[in-house]
Structure formats: C-alpha cells, structure tokens
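Q:
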Amino acid sequence: MLQTLFKTIATNADFKNTIWKSFLKRWFVISAMILFVTAIFSEDIYHADEYFQTIEFTNYKLGNINSDMLPQEFRDQIRPWLQPYIYLLITKASYKFGIYSPFTITFFFRLFSAFWAWVMIALCCMMTPQFYICLDQRRFTVYLLNLIGILPYMLVRTSSDALSTSFSMIGFALLFLGSIPKSCTPLERSYSNQLLFCVGLIWGVAFEIRFATAFLLIGFLLWFVFSGIKTLKKTMKQLLVFFVGICLPIFLSTLLDSYAYGNWCFAPWNFIVQFKNANIDATRSSYIFDTLPFWGYFKLVFSSEHTIYSFINPILFYSSIVGIIRQPKNVLSWITTVYIIFISLIPHKELRFLMLIIIPACFLTTFAISPSNNTNNFFNKIWNWRKSWGAWFIYIANFFFLIMYVNGPNKDYFPINKFIYNNVPSNSIVFLIHCQPYYTNYYLRTHFYQPKNVSFIDQDSIPSIKKISQPIFFVTFTDQQDSLNSEEQKVELLFSYQKTNLYSLFRKLLGKKNFKVWRLYKLKLKKSSEASEDFFNTVKRRKTKLLPY
Numbered sequence: 001m002l003q004t005l006f007k008t009i010a011t012n013a014d015f016k017n018t019i020w021k022s023f024l025k026r027w028f029v030i031s032a033m034i035l036f037v038t039a040i041f042s043e044d045i046y047h048a049d050e051y052f053q054t055i056e057f058t059n060y061k062l063g064n065i066n067s068d069m070l071p072q073e074f075r076d077q078i079r080p081w082l083q084p085y086i087y088l089l090i091t092k093a094s095y096k097f098g099i100y101s102p103f104t105i106t107f108f109f110r111l112f113s114a115f116w117a118w119v120m121i122a123l124c125c126m127m128t129p130q131f132y133i134c135l136d137q138r139r140f141t142v143y144l145l146n147l148i149g150i151l152p153y154m155l156v157r158t159s160s161d162a163l164s165t166s167f168s169m170i171g172f173a174l175l176f177l178g179s180i181p182k183s184c185t186p187l188e189r190s191y192s193n194q195l196l197f198c199v200g201l202i203w204g205v206a207f208e209i210r211f212a213t214a215f216l217l218i219g220f221l222l223w224f225v226f227s228g229i230k231t232l233k234k235t236m237k238q239l240l241v242f243f244v245g246i247c248l249p250i251f252l253s254t255l256l257d258s259y260a261y262g263n264w265c266f267a268p269w270n271f272i273v274q275f276k277n278a279n280i281d282a283t284r285s286s287y288i289f290d291t292l293p294f295w296g297y298f299k300l301v302f303s304s305e306h307t308i309y310s311f312i313n314p315i316l317f318y319s320s321i322v323g324i325i326r327q328p329k330n331v332l333s334w335i336t337t338v339y340i341i342f343i344s345l346i347p348h349k350e351l352r353f354l355m356l357i358i359i360p361a362c363f364l365t366t367f368a369i370s371p372s373n374n375t376n377n378f379f380n381k382i383w384n385w386r387k388s389w390g391a392w393f394i395y396i397a398n399f400f401f402l403i404m405y406v407n408g409p410n411k412d413y414f415p416i417n418k419f420i421y422n423n424v425p426s427n428s429i430v431f432l433i434h435c436q437p438y439y440t441n442y443y444l445r446t447h448f449y450q451p452k453n454v455s456f457i458d459q460d461s462i463p464s465i466k467k468i469s470q471p472i473f474f475v476t477f478t479d480q481q482d483s484l485n486s487e488e489q490k491v492e493l494l495f496s497y498q499k500t501n502l503y504s505l506f507r508k509l510l511g512k513k514n515f516k517v518w519r520l521y522k523l524k525l526k527k528s529s530e531a532s533e534d535f536f537n538t539v540k541r542r543k544t545k546l547l548p549y
C-alpha cells in the first residue's frame, strides 16, 4: 500500500521532470534551514494565547502552578489538551536527558512546530503540478511558500494556529498527491478509502488543535460533494470513510480532555457556547472582545498591529480574492471563501485568525496574476510585471522582513527573563520596580520562565521588608547606578537591554530619549546585611517616562 502511495505521490509531484525535481530538492533544504534558524532565534511570544493556552497548561500538568493561575479558558473547559500533552511529553523527555532550562525546552516546542511546518511546505510545493501546468507558475508558488516574510516566524510558534495550519494543509496536500487525477481535469480525482481515512485522521488532529479548522473542512466538503454530484452515491460512501477518520482523533481527544479537566466534557461544544455568549451577550460570558462588522477583515488587513502584517497581509488577502474570482471552481477557492465567510460572521476579529488560509492564499495569489490565453490581457501584463523593478522592490522589502523576524526577539522582556534564569542564584530576591518582566499585556504571569527558587516581589511589598539576608537584585527601567551608590551600599548593573526596531532607530536619529531599557541591578551591602527601607523608597520614587511600543 505504501509503495503504491509513494509512486502516486511521485507521479503527481511530476518527479519525472528532472529539472523540476532538482528545483524542489533545493528548496526543501532552503525551507528546512529557514525554519530551523527561525525556531532557534524567535524565542518571543507573538500572541499571549500561544503561551497561556498551551505552555502554561503543560506547566500546570508538571505541577509547577495551581489551576487558579491558568486563564479563564481552563475553568470554562474550552481548550483541547492534545497540544499541551504533546509538550508535556517533550518536557518530560528533556528532563530525562538532564535538560531543565525552560528556554531550551520551548526551543524543542518550536522545533516540533518547525518540523511539521517543513513537512507541510514540502508537500504543498510537491502539490503545485496539480494546480499549474506552467513551470514558471509552479516556481513562483514555491517562492511564495518559502520566502513570504511572515510564514517562517508564524509557523514555528507554539500556537494552535501554527500547528493546526500545518496539519490541515498536510492532510489537504496528501489528498491531492495520493489520489489519481481523471483524464478531464486534475481537480477531478479518484480517491481510495485508505487515503480518505488517513486524511480524515490528520484533519481530525488539526481540529483538536484548533477548532476553527472546521471552517476549512466545511469548505472542502462542500466542494467535494458538488464536484462529485454526478456520482453522489459513491461520493457519500467516501464521505463516510472520511468522517470515520475525522471522528477517531476527536473521540480520543475527548477522553484526553475529560481526563485532564477531571470530569466528562466535550470541549468543542463548550467553546461554541462560550464564544456565542461572548459575541451575543457579554453579561453571560467570561470574555469581552472588541468587535468589527462583517466586512472588518477587508479593513483590518491594513492594520499596523504587526509590522509585517501591515505590509504582506493586504497583498495576500486581496490577491486571494482576485484568485477566487478567476478560479471559482477550484477547491482552494471554496475552502478560502467559506473560511472567510465564517470568520467574518464572528464579530471578534484578529489578523492571526487568517493564519489558516495563508497557504491557500499563496496558491490563489499565483492564480490572481497568472496570464490568460489573450496575449493583450491585463493579467498577462501583471504576470510580466513580476520581473520589473517595482516587483523587485517588494521582494527585497519582504526579504528584509524575513530576516528581521528570523532574527527575533519581538518582545523586549524575553532577554531579561533569560538572563535572570541563567545568572541569578537560587534563594535570591528580585524586586520588580515599576515593571513586570513576567507579565504580558493580558495580566497573566509567565510562570514557566521563572526560576523556581528565586523570589519575585512587587514594589508594593517593599516597605514591609526591613532586613534581608539573601542576595538582592532589582529590575527597573531607570538608570539607578550613580544615584544609589553610597557608603552603605553599592549598586552594580548586571544587565541592560533595549528593544531595537525601526521606530526606535528613527527616534534616536531625531535625538529623542526616554526609551524603555530593561536593567537588572545587584545590591551589595558594605557595612551590614540590613537593607534600609529608605533605600527601597528611593528606588521606588525614581520613575521614568516611557514611550509606547
């Protein structure tokens, strides 16, 4: 069976074309290198959910935190446990080999995401002959899949968005690579029951990582039914096999969720109830979201929430719309259209919700600019424009963003987290003066990155401390060194970090100051082991005006 499947995949990937095969092999290596380097350096958190909905759940199962330290989603039992338990296995395996650093362990998490992202991109590159006859169109799609600045960074995240995108598109690519095209068109195919069952398993796993994958599934099923309407009886039998494959991971994950939460539950249903309440009647829900109208995504893609989004997203999004218009019967058009409709019906909108269709968007972008049979057609001019100076400007700008995000970090508090973990000794006290290096903007603490035997005390607790025998450190944004040195104590600067981005560099050129600089100081007492209350009050009074980032 596997031998037959591999032969079918090789045929559908057009491996008989040696030039094309060599091209793909070269890009398989390039893709692996980009994803691996990105997994190493992008240590930060893009969105809080990629930490609190996955890693912090794992941290709870490790026994490091209590359930009341978890986000509201835990109490509502709406998050699936499949991804946190995968991370739990990786963490315990790391412990077996004597690896305890949370930063190394989260690198393994990102490497896990990067591996499946690489498999997904490789399969999607191999799938291009099923959509394009022209070699130039295939190559252009391969370039998009591998070099769009946002993709490597987003695909190696520990978020459910990243992992579900990889698994859903792996299933989709296998369905087209493992099936046999009919003579009339490559999109009309003959599927084996074994293939449909295996793809159903993969899509079931994708659903249990992120429930929004169901919207992609609905689009595909609609296309599958309408494309096989002439043989409806056979199509329905195939769908039954497909659904059995999908339901198996859902059933097993429901057992896992019930075990993890401590009672019988069906997380997808809980999610629907809570999300419905949040969007219809906020008084009945634990969640209050910002809302946008149905057409919100058409405007949101221009948002400057994320630098790279503001540049890439409009191009991909609107090119996809053009591609859908030009190829209305294509399966990628169906799944993208249905997905956009469903997430547009949800009042709460975020750019990251578009992550699941970013791979189809690459294919649709190629459709959008592909030439037509009419030599004087507008799209022929667009296709030829891709080699112009204007197009090269876009390519270079995109490459700049690719390098920038491969080389993270994006969040400024990660370097000081790492320094504290590696350099502050056990049984120390770290005072947090007008700053919170272990908090995100969601007011939840990132416990996983905190050293276990170090006490962190907020400035509000300092006046009650009169005598301290442990090593004393404090974190602040202000320059304290010169003003706080005296005959009784000495302040030593151990670490300083300032986030550098285009905005901060521009303000430096203009001579502006008051940038946020994380500083870690060590207090050395000269005459006694007693740290005076006046000293800490002096530290607390020294605030600094910070610029918003």
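All letters in the sequence shown, in the order written, are residues 1 to 549 by UniProt numbering. Heads up, the beta-carbon is just placed ideally off N, CA and C, and yes, glycines get one too.
(1) Buried or exposed for Lys-7, going by 16 or more other Cβ atoms inside 10 Å?
(2) One question on the structure: do Val-331 and Pro-314 come within less than 7 Å of each other, judged by their Cβ atoms?
(3) How would you write the range of the alpha helix (DSSP H) that Val-29 sits in, first residue to last?
(4) Tell me, please, whether the stretch 242 to 262 touches the stretch 192 to 201 by the rule of three or more beta-carbon pairs shorter than 8 Å.
(5) Measure the CB-CB distance between Tyr-87 and Phe-109 and report whether it falls below 7 Å.
(6) My understanding is that Thr-365 touches Leu-316, with C-beta atoms under 8 Å, so please give their C-beta distance in whole angstroms.
(7) Could you give the DSSP three-state label for Gln-498: helix, strand or coil?
(8) Answer yes or no: do Ile-335 and Phe-220 have a C-beta to C-beta separation smaller than 7 Å?
(9) Which two residues bound the contiguous alpha helix (DSSP H) that contains Ser-160?
(10) Are the CB atoms of Ala-368 and Ser-319 nearer to each other than 7 Å?
(11) Could you tell me which whole alpha helix (DSSP H) segments of length 4 or greater appear in the stretch 381 to 457?
(12) Would Ser-22 pass as an interface residue toward chain C - the criterion being a Cβ-Cβ separation below 7 Å?
(13) Since Leu-163 and Trp-20 are thought to touch, with beta carbons under 8 Å apart, how far apart are those beta carbons, to the nearest angstrom?
(14) Could you pull out every residue in the same chain whose Cβ sits closer than 6 Å to the Cβ of Thr-165, ignoring the five residues on either side in sequence?
(15) Which residues does DSSP pair with Thr-141 in a beta bridge?
(16) Grab the span of the alpha helix (DSSP H) containing Val-338 for me, first residue to last.
(17) Compare the C-alpha of residue 550 against each of Gly-63, Thr-38, Tyr-60, Tyr-95 and name the closest.
(18) Nearest-angstrom Cα distance between residue 560 and Phe-477?
(19) Below 7 Å between beta carbons: does that hold for Gln-53 and Arg-79?
(20) So, do the stretch 390 to 402 and the stretch 125 to 141 have three or more beta carbon pairs nearer to each other than 8 Å?
(21) Keeping to the same chain, check which residues put their C-beta closer than 6 Å to that of Thr-213; ignore five residues upstream and five downstream.
(22) Per DSSP, what are the beta-bridge partners of residue 553 in this structure?
(23) Identify, in the order they occur along the chain, each residue of the same chain with its Cβ nearer than 6 Å to the Cβ of Val-322, setting aside the five sequence neighbours on each side.
(24) Who are the near neighbours of Leu-292 in its chain, counting only those whose CB is closer than 6 Å to its CB and skipping five residues on each side?
(25) Mind checking Asn-263: buried by the 16 CB within 10 Å criterion, or exposed?
(26) Would you list the residues sitting across from Ala-181 in a DSSP beta bridge?
(27) With 16 as the cutoff for other CB atoms within 10 Å, does Ala-397 come out buried or exposed?
(28) Below 7 Å CB to CB, which residues in the same chain sit around Gln-77 once its five sequence neighbours on both sides are set aside?
(29) Determine the DSSP secondary structure at Val-491, reduced to helix, strand or coil.
(30) Quick one: using the 10 Å Cβ neighbour count with 16 as the cut-off for buried, is Gln-72 buried or exposed?
(31) Would you call Asp-127 buried or exposed, if buried means 16 or more other Cβ atoms sit within 10 Å of its Cβ?
(32) Just to confirm, is the Cβ distance from Gln-470 to Ser-426 under 7 Å?
(33) Taking the C-alpha atoms as reference points, what is the distance between Gln-450 and Ala-361?
(34) Report the residue from Trp-518, Trp-383, Lys-381 whose alpha carbon sits nearest the alpha carbon of Ile-420.
(35) Could you please give me the residues that DSSP links to Lys-524 through a beta bridge?
(36) Just mark Val-338 as buried or exposed, buried being the case when its beta carbon has 16 or more other beta carbons within 10 Å.
A: In short, the structure shows the following:
(1) Your numbering for residue 7 matches position 7 in the sequence shown. Label assigned to Lys-7: exposed.
(2) For the purposes of this step, residue 331 is taken as the residue at position 331 of the sequence shown. For the purposes of this step, residue 314 is taken as the residue at position 314 of the sequence shown. By the CB criterion at 7 Å, Val-331 and Pro-314 fall outside the cutoff.
(3) The residue labelled residue 29 in the question sits at position 29 within the sequence shown. In the DSSP annotation of this structure, the continuous segment of the alpha helix (DSSP H) that includes Val-29 starts and ends at 18 to 41.
(4) As far as the Cβ criterion goes, the stretch 242 to 262 touches the stretch 192 to 201, which means the pair count is three or higher.
(5) The residue you call residue 87 lines up with position 87 of the sequence shown. The residue you call residue 109 lines up with position 109 of the sequence shown. Taking 7 Å as the Cβ cut-off, Tyr-87 and Phe-109 qualify as a contacting pair.
(6) As a working mapping, residue 365 is identified with position 365 in the sequence shown. As a working mapping, residue 316 is identified with position 316 in the sequence shown. With a Cβ gap of about 6 Å, Thr-365 and Leu-316 count as contacting.
(7) In the sequence shown, the residue the question calls residue 498 occupies position 498. Of the three classes helix, strand and coil, the one that applies to Gln-498 here is strand, per DSSP.
(8) Your numbering for residue 335 matches position 335 in the sequence shown. Your numbering for residue 220 matches position 220 in the sequence shown. Yes, they are a contact pair.
(9) Counting from 1 along the sequence shown, the entry for residue 160 is found at position 160. Note, Ser-160: alpha helix (DSSP H), 160 to 177.
(10) In the sequence shown, residue 368 corresponds to position 368, counting from 1. In the sequence shown, residue 319 corresponds to position 319, counting from 1. Taking C-beta atoms as the reference points, Ala-368 and Ser-319 count as a pair closer than 7 Å.
(11) As far as the stretch 381 to 457 is concerned, its whole alpha helix (DSSP H) runs of at least 4 residues are 389 to 406, 414 to 423.
(12) Protein chain content of the structure displayed is limited to a single chain, and chain C is not contained in it.
(13) In the sequence shown, residue 163 corresponds to position 163, counting from 1. In the sequence shown, residue 20 corresponds to position 20, counting from 1. Not quite, the Cβ-Cβ distance comes to about 30 Å (not below 8 Å), so this is no contact.
(14) Taking the sequence shown and counting its residues from 1, the one referred to as residue 165 is at position 165. Excluding sequence neighbours, Thr-165 sits near Met-355, Leu-356.
(15) Looking up residue 141 in the sequence shown gives position 141. Answer is none; Thr-141 lacks a bridge partner.
(16) By 1-based counting over the sequence shown, the position of residue 338 is 338. Segment 331 to 345, the alpha helix (DSSP H) holding Val-338.
(17) Coverage of the chain is limited to positions 1 through 549, which leaves residue 550 absent and any answer about it impossible.
(18) Since the first residue of the chain shown is 1 and the last is 549, residue 560 is not available in this structure.
(19) Translated into the one-based positions of the sequence shown, residue 53 becomes position 53. Translated into the one-based positions of the sequence shown, residue 79 becomes position 79. Yes. Within cutoff.
(20) Counting Cβ pairs under 8 Å, fewer than three are found: no touch.
(21) Looking up residue 213 in the sequence shown gives position 213. Sequence-distant partners of Thr-213 (beyond 5 residues in either direction) whose C-beta falls short of 6 Å from its own C-beta, in its chain, are Ser-164, Ser-168, Ala-206, Phe-207.
(22) Examination of residue 553 is not possible in this model, given that the chain is present from 1 through 549 alone.
(23) As a first step, residue 322 must be located in the sequence shown, where it is residue number 322. Within the same chain, Val-322 has close Cβ partners Ala-368.
(24) Walking along the sequence shown from the start, residue 292 turns up at place 292. Lys-349.
(25) Translated into the one-based positions of the sequence shown, residue 263 becomes position 263. By the 10 Å Cβ count, Asn-263 comes out exposed.
(26) The sequence position of residue 181 within the sequence shown is 181, counting from 1. Looking at the sequence itself, residue 181 is Pro, so the reference to Ala does not match. The partner list for Pro-181 (beta bridge, DSSP) reads Arg-189.
(27) Counting from one through the sequence shown, the residue named residue 397 turns up at place 397. Ala-397 is exposed by the Cβ-count criterion.
(28) Locating residue 77 in the sequence shown gives position 77, counting from the first residue. Within the same chain, and ignoring the five residues on either side of Gln-77 in sequence, the residues whose Cβ sits closer than 7 Å to its Cβ are Tyr-261, Cys-265, Ala-267, Asn-270.
(29) Residue numbering aside, residue 491 sits at position 491 when the sequence shown is read from its first letter. Of the three classes helix, strand and coil, the one that applies to Val-491 here is strand, per DSSP.
(30) Your numbering for residue 72 matches position 72 in the sequence shown. By the C-beta density criterion, Gln-72 is exposed, having fewer than 16 other C-beta atoms within 10 angstroms.
(31) Numbered from its first residue, the sequence shown carries residue 127 at position 127. Residue identity differs from the one stated: residue 127 is Met in this sequence, not Asp. Met-127 is buried by the Cβ-count criterion.
(32) Locating residue 470 in the sequence shown gives position 470, where the first residue counts as 1. Locating residue 426 in the sequence shown gives position 426, where the first residue counts as 1. For Gln-470 and Ser-426, no; Cβs fall outside 7 Å.
(33) Along the sequence shown, read from residue 1 onward, the residue named residue 450 stands at position 450. Along the sequence shown, read from residue 1 onward, the residue named residue 361 stands at position 361. Going from the Cα of Gln-450 to the Cα of Ala-361 covers about 39 Å.
(34) Residue numbering aside, residue 420 sits at position 420 when the sequence shown is read from its first letter. Among Trp-518, Trp-383, Lys-381, the Cα nearest to that of Ile-420 belongs to Trp-518.
(35) As a position in the sequence shown, residue 524 is number 524, starting the count at 1. Beta-bridge pairing by DSSP links Lys-524 to Lys-490.
(36) Sequence index remark: in the sequence shown, residue 338 carries index 338 (1-based). By the neighbour-count criterion, in which 16 or more other beta carbons inside 10 Å mark a residue as buried, Val-338 falls on the buried side.
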